[in-house]
Amino acid sequence: MHNFYQLYYHLVWSTKNREPLITAAVEELLRHYIPAKIYYLGCTCHQLGMTEDHLHLVATIPPNVAISTLVQRVKGGSAHFVNKSLVQEYLQWQNGYGVVSFSKQALPAIKAYAANQKEHHRAGTLMAALESPKAASPR
953 MHNFYQLYYH LVWSTKNREP LITAAVEELL RHYIPAKIYY LGCTCHQLGM TEDHLHLVAT
1013 IPPNVAISTL VQRVKGGSAH FVNKSLVQEY LQWQNGYGVV SFSKQALPAI KAYAANQKEH
1073 HRAGTLMAAL ESPKAASPR
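Basically the working numbering = 1-based index in the sequence shown + 952.
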């Protein structure tokens, strides 16, 4: 039997102590590793956006994959991959994450927001509900 689902999520997590650990070299590795890991786990990576101290992921996650398991595997695997690949740099993730679900109609806007993280932070055009692992739930 084939299952149908349309489950869209925006996830965000930070580097350890919000340290500026996502350098250009780290970002390049993460942009290769994370979408591949997401696919391997049976999910779809729609967009990945980063600043020096946190990461945004827009993904479709099927109902048989626990969000917490996905995040644990992506965070653990990506830190291990980066730390094994780069001698001069070290990546650690903060405990926890934030997740917000949204509709298919919002997908283009959420993808654009994640893709343009650096510009949003420079311009101060941030969406609080999508920025913090500790953000309050939308009402």
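Think of the CB as a built atom: it goes at the ideal place given N, C-alpha and C, for glycine as much as any other residue. Model, not experiment: these values are computed from the prediction.
Per DSSP, reduced to three states, the secondary structure at GLN1069 is helical. For PHE1033, the secondary structure class from DSSP, reduced to helix, strand or coil, is helix. Exclusion of the five residues before and after LEU981 leaves VAL1034 and SER1037 as the residues of its chain whose Cβ lies within less than 6 Å of its Cβ.
Restricted to the segment 977–1039, the alpha helix (DSSP H) segments that are unbroken, complete and at least 4 residues in length are 1019–1037, listed in chain order.
Counting along the chain, the unbroken beta strand (DSSP E) around PHE1054 starts and ends at 1050–1054.
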